[in-house]
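In terms of my numbering, the sequence shown opens at residue 702 and continues consecutively.
By construction, the Cβ of each residue, glycine as well, lies at the ideal position given by its N, Cα and C atoms.
The structure displayed is predicted, hence computed values, not measured ones.
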Amino acid sequence: TMAKENLENLSDEALMALYQQGEMQAFEFLYTRYEKKIYNFLLRRIGDVESAQELFQNVFLTLHRNRHQFDTKLNFSTWFFTMANNLLKNEFKRLYRMRKNLEHVLINFTAIDSNNGHAELEELIIKQENTQLIKKALSALPESQREILLLSKFEGFTYPEIAEIMGCSVASVKQKAYRAYLTLREKLEKHLGVI
């Protein structure tokens, strides 16, 4: 095993390479770096603590099972979030089949991206963040649009990274983000008479 100080300074990709070689301490460092990010990502998407905890365990179990599939020349963060996102999609499909209504799962979603000059809308969202109106407006968005806003605002991914995670083009991500803003703006304008 390597010295703890040496592991601390390694990149995610280097830690993953060691983990592939059987270095369990490398996994522990990756876990520590990503546990909060992954848990919050799951919780914000699914809105239920118990389901989020179950999925959280599943994500790291899947990481362990698929560790040898990771190409260390790639970006670990993007690869890992893609995996988490795929597990989420499977869970949504399962819940949809059970409940026949995806809105129950996604109603607590609140995320907005302020990178595209939508400062006024962002300010309004912050002020109104916990209102039913905002939740209602966001729950009316298609899942892919909500997903883009979440990855961008809460997780800090760029549009090219989001495109990779979602398996679509950068142009498609930008287009969906723009449509999401238009829809939100329209709904909020109608109800609040502002913007």
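Would you identify the three-state DSSP class for residue i, choosing helix, strand or coil?
| i | result |
| --- | --- |
| asparagine 791 | helix |
| glutamate 844 | helix |
| serine 712 | coil |
| glutamine 876 | helix |
| threonine 779 | helix |
| glutamate 736 | helix |
| phenylalanine 858 | coil |
| asparagine 707 | helix |
| asparagine 767 | coil |
| glutamine 722 | coil |
| lysine 774 | coil |
| serine 853 | helix |
| serine 752 | helix |
Suppose you measure from the CA of residue i to the CA of residue j; what does that come to, to the nearest Å?
| i | j | result |
| --- | --- | --- |
| phenylalanine 781 | leucine 716 | 13 Å |
| glutamine 722 | phenylalanine 730 | 15 Å |
| leucine 839 | lysine 891 | 14 Å |
| arginine 745 | threonine 763 | 20 Å |
| aspartate 713 | alanine 878 | 29 Å |
| phenylalanine 757 | tyrosine 735 | 11 Å |
| threonine 783 | methionine 867 | 7 Å |
| alanine 881 | glutamine 846 | 6 Å |
| isoleucine 747 | alanine 785 | 12 Å |
| tyrosine 860 | lysine 738 | 18 Å |
| glutamate 887 | alanine 841 | 12 Å |
| arginine 768 | threonine 733 | 17 Å |
| leucine 850 | glutamate 865 | 15 Å |
| valine 897 | valine 760 | This structure cannot speak to residue 897, because the chain is shown only from 702 to 896. |
| serine 873 | isoleucine 863 | 10 Å |
| glutamate 755 | glutamate 844 | 21 Å |
| valine 750 | tyrosine 740 | 9 Å |
Who are the near neighbours of residue i in its chain, counting only those whose CB is closer than 7 Å to its CB and skipping five residues on each side?
| i | result |
| --- | --- |
| glutamate 848 | Met867 |
Which residues in the same chain have their Cβ closer than 8 Å to the Cβ of residue i, if we skip the five residues on either side of it in sequence?
| i | result |
| --- | --- |
| tyrosine 720 | Ala727, Phe728, Leu731 and Arg768 |
| glutamate 856 | Lys738, Phe742 and Phe782 |
| asparagine 791 | none |
| phenylalanine 771 | Met717, Gln721, Phe777 and Trp780 |
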